[in-house]
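Worksheet for the structure shown next.
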Amino acid sequence: MMRIYSTIALIVISLCLTSCLDKKPRAFFAEDGIIVGDAKKVGKEDVFIPISFKTQIVHSAQIFHDVKWTEKNGVIYITAIYNEPPFSKKIDYSGGIVLKNPKLQTYELKYKDPNPGGGIHDISEIKMP
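Numbering (the numbering used here), first residue to last: 1117 to 1245.
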C-alpha cells in the first residue's frame, strides 16, 4: 500500500516540475502588463515617459513600489520594484520616468529582471517629442 502512495507522490511531483519548464512570454503578471504612454516634454530639455504596471499587487502581498531605471546607448532599462509590507515605506510612484536632456530622437525600452544575470525583455520603442 505504501508503494502506491509513493508512486502517486512521485508522479505528482514530476508533473509539477514539468509545468515549471513551460516557457511563457514576459507579461508581468497580466496581459499587456507594462503600459507605455507617449513621451512629453517637461521644462526646456527634459522628457517624461509615462510607464504604468497593470499588476500592482503580486503574490505574498508584494506591492508595486517604484521603478529603477538606467539609460545606456539609446536603450532605457527599467525594473519594477516590489516591496513586502509591513517593512516597506509607501512611495508615491510618479507614473513614469524623466529622461534628462535626451540626445537621441528614438530610444528602446526594455525590462531587466531584478535577479542577478536576469533576462532582458523588449517592451517598445519611444519617440521623443
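C-beta atoms are modelled at their ideal positions from N, C-alpha and C, and glycine is treated no differently. Bear in mind the structure is a predicted one, so any value in this text is a computation, not a measurement.
The C-beta distance from S1240 to V1152 rounds to 5 Å, short enough to fall under 8 Å. Here the alpha carbon of K1226 sits roughly 7 Å from the alpha carbon of V1191. The Cβ-Cβ distance between I1242 and I1165 falls below 7 Å. One thing to note: L1215 has its Cβ within 7 Å of the Cβ of V1163.
Looking at the DSSP output, Y1223 sits in a beta bridge with I1242.
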